[in-house]
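Student: Here it is: the structure, laid out below.
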Amino acid sequence: MIGILGAGSLGRLWGAMLPNGCVAFVARPGETTDSSVDYRFRPFEGPESSIQIPFLRTGDTPDLMLVTTKAGDTLSAVAGVIDQLPFDTPILLFQNGLGSQQSVAERWPERPILAASTTEGANRPEPGLLVHAGTGDTWVGPLTEQARFSVDRAVAMLEDSGLAIHREPAILQRLWQKLIINAGINPYTAILNCPNGDILSAGLYQDTIEELCRELSELMSAAVQITETPDSLRQRIEQVAQNTAGNTSSMRADVLRKRQTEIDFINGYLAKLGKELGIDTPVNQMLTERVQQLSSH
Ligand code: NAD
Ligand code: KPL
Numbered sequence: 001m002i003g004i005l006g007a008g009s010l011g012r013l014w015g016a017m018l019p020n021g022c023v024a025f026v027a028r029p030g031e032t033t034d035s036s037v038d039y040r041f042r043p044f045e046g047p048e049s050s051i052q053i054p055f056l057r058t059g060d061t062p063d064l065m066l067v068t069t070k071a072g073d074t075l076s077a078v079a080g081v082i083d084q085l086p087f088d089t090p091i092l093l094f095q096n097g098l099g100s101q102q103s104v105a106e107r108w109p110e111r112p113i114l115a116a117s118t119t120e121g122a123n124r125p126e127p128g129l130l131v132h133a134g135t136g137d138t139w140v141g142p143l144t145e146q147a148r149f150s151v152d153r154a155v156a157m158l159e160d161s162g163l164a165i166h167r168e169p170a171i172l173q174r175l176w177q178k179l180i181i182n183a184g185i186n187p188y189t190a191i192l193n194c195p196n197g198d199i200l201s202a203g204l205y206q207d208t209i210e211e212l213c214r215e216l217s218e219l220m221s222a223a224v225q226i227t228e229t230p231d232s233l234r235q236r237i238e239q240v241a242q243n244t245a246g247n248t249s250s251m252r253a254d255v256l257r258k259r260q261t262e263i264d265f266i267n268g269y270l271a272k273l274g275k276e277l278g279i280d281t282p283v284n285q286m287l288t289e290r291v292q293q294l295s296s297h
C-alpha cells in the first residue's frame, strides 16, 4: 500500500495513476478516515474517469509514503503523521525548490527520507476535477543514509503507475537543475502576471537575467559543485520558457488564487544560501521580496 500525504494536484495524480486498491490518502491528525477522496480524472490521453481513493485506516501502515504538500507545509505535515509510521517506511518528498527537503532529512536523519524531482504536470481547474496536463519523467533518490536501501523499492512501487520513473543517486544535483529553471521563470511570471513565454520580452527580465544567471552559476558551483556558465543557464531557462510559452507557472497560479507561493524555497532559498556562502544575490533577493509583496507567502 502506498500512502499519499497531501490530496492536492500532484497527490491526486498519483492517486489516479497507481493501481486501484494499492493507494490511500494519509489523513491529517484529527481528520476522519471514514470518507474517501472522490474526483474526476482527465488523463493526458483518453477519456475521463471517476476516481475514489480511501483514507488510510487507523492502524494500517503504508509501505511507502509520498509527500505531496507544498514546500511550506511539508515539515509540519510530516511531523503530524510520522509517529504512526514504522521506522523503515520510506518517505518520498515531491516538493519543488529546495530547503523543505533538507529540513525533513535533518529532523529525521535516521529515517529513510527520499526526494523526487518530477516533470509531470497536474492541475485542478475546478475542485472536483484533476487534469494530467503534461507527462514527463520522475527521478527518485536518497536524502538520508538509510534511504539508500529504499530507492529500488520506491521506484518499483511507483512504476506500477505506468509513468516514467528513474533512479537518481545524485538527487540533490537533479533538484538544483530544476531549481535553476524555476528561479529563472516563476518569479518573473508572478510579478509580470504573464504566461511563461511573455517574460522574455519584458524589461524586468531583460534588465536582470544576466545578473541572475551569474548568481545562479556561482551558487550552484559552491553548493553542489556543478559548473555551468551564466550564458548556458540562461539558454536553458529561455528554452523552457519558449517550450512552455503559453503556460501559467505554478507561482503565477498561486498568486492569482491568493495562495501561499513557494518563493521562499526558490529565489528565497537562493538568497539565504548566498548569505551563508558569502555570495552576493541582489537579484534573487529583489525577486523574492517582490513576490512576497504580491502574496501572503
Ligand atoms: P496543491 O496545493 O495542489 O496540493 C497540496 C495539498 O497538500 C493541498 O491539498 C493541501 O490541502 C494539502 N496539505 C497541506 N498541508 C497538509 C497537511 N498537514 N496534511 C495533509 N495535507 C496537507 O499543490 P501541488 O500542485 O499538488 O504541489 C505539491 C508539491 O509538488 C509542490 O511543492 C509543487 O511545487 C510540487 N510539484 C507539483 C507539480 C504539479 O504538476 N502540480 C509538479 C511538480 C512538482
Ligand atoms: O515548473 C514550472 C512551474 O510552473 O513551476 C515551469 C517549468 C516554470 C513550467 O511552468
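Take 1 as the starting number for the sequence shown in the UniProt record's numbering and just add one per residue. The beta carbon of each residue, even a glycine, is placed where N, CA and C say it ideally should be. Bear in mind the structure is a predicted one, so any value in this text is a computation, not a measurement.
Quick one: grab the DSSP three-state call for residue 52.
Tutor: Residue 52: strand per DSSP, three-state reduction.
Student: Taking 7 Å as the cut-off, does the CB of residue 261 come closer than this to any heavy atom belonging to the ligand KPL?
Tutor: Residue 261 Cβ: outside cutoff for every heavy atom of the ligand KPL.
Student: Among the residues of its own chain, which have a CB less than 7 Å from the CB of residue 214, if the five just before and after it don't count?
Tutor: Counting only Cβ-Cβ distances below 7 Å, and skipping sequence neighbours, we find 230.
Student: So what does DSSP say about residue 92, is it helix, strand or coil?
Tutor: The answer is strand: DSSP assigns residue 92 an E or B state.
Student: Entirely within the stretch 255-290 and at least 4 residues each: give me those alpha helix (DSSP H) ranges in chain order.
Tutor: Listed in chain order, they are 267-277.
Student: Rounded to a whole number of angstroms, what is the C-alpha to C-alpha distance between residue 122 and residue 129?
Tutor: Near 10 Å, if we compare the C-alpha coordinates of residue 129 and residue 122.
Student: Measure the Cβ-Cβ separation of residue 301 and residue 241 and say whether it is below 8 Å.
Tutor: As displayed, the chain neither begins before 1 nor continues past 297, which places residue 301 out of reach and without an answer.
Student: Contact check, residue 192 vs residue 200 under 8 Å by CB: the rounded distance?
Tutor: At roughly 11 Å, the Cβ-Cβ gap does not stay under 8 Å, so residue 192 and residue 200 are not in contact.
Student: Distance cutoff 8 Å, beta carbons only. Does residue 13 sit that close to anything in chain C?
Tutor: No chain C appears in the structure shown, which is made up of a single protein chain.
Student: Taking 7 Å as the line, does the beta carbon of residue 247 fall inside it for any heavy atom of the ligand NAD?
Tutor: Not under cutoff, so the answer is no.
Student: Between residue 44 and residue 119, is the Cβ-Cβ spacing less than 8 Å?
Tutor: No, the pair does not count as a contact, with Cβ atoms beyond the cut-off.
Student: Which residues in the same chain have their Cβ closer than 6 Å to the Cβ of residue 167, if we skip the five residues on either side of it in sequence?
Tutor: Cβ within range, chain order: 151 and 155.
Student: For the ligand KPL, is there a heavy atom less than 7 Å away from the beta-carbon of residue 250?
Tutor: Indeed, a heavy atom of the ligand KPL lies less than 7 Å from the Cβ.
Student: Mapping DSSP to helix, strand and coil, what is residue 181?
Tutor: Here residue 181 sits in helix by DSSP.
Student: Taking the Cβ atom as the reference point for each residue, do residue 131 and residue 208 lie within a distance shorter than 8 Å?
Tutor: No, the Cβ-Cβ distance between residue 131 and residue 208 is not below 8 Å.
Student: Do the CB positions of residue 82 and residue 67 come within less than 8 Å of each other?
Tutor: Their beta carbons are not under 8 Å apart, which means residue 82 does not touch residue 67 by this criterion.
Student: Would you say residue 241 touches the ligand NAD, meaning its beta carbon is less than 7 Å from a heavy atom?
Tutor: Not so, every heavy atom of the ligand NAD lies at least 7 Å from the Cβ.
Student: Could you compute how far the alpha carbon of residue 143 sits from the alpha carbon of residue 106?
Tutor: Cα-Cα distance, rounded: 9 Å.
Student: Does at least one heavy atom of the ligand KPL sit under 7 Å from the Cβ of residue 91?
Tutor: Because no heavy atom of the ligand KPL lies under 7 Å away, the Cβ of residue 91 does not count as near it: no.
Student: Expressed to the nearest angstrom, what Euclidean distance is found between the alpha-carbon atoms of residue 86 and residue 33?
Tutor: Each residue's alpha carbon lies about 19 Å from the other.
Student: Rounded to whole angstroms, what's the CA-CA distance from residue 52 to residue 104? Just pull it up for me.
Tutor: So the two alpha carbons sit approximately 30 Å from each other.
Student: Work out the CA separation of residue 63 and residue 278 for me, nearest whole Å.
Tutor: Each residue's alpha carbon lies about 42 Å from the other.
Student: Straight-line CA distance for residue 243 to residue 6?
Tutor: So the two alpha carbons sit approximately 29 Å from each other.
Student: Which residues bound the alpha helix (DSSP H) around residue 228?
Tutor: It is not in any alpha helix (DSSP H) - residue 228 carries neither H nor E in the DSSP assignment.
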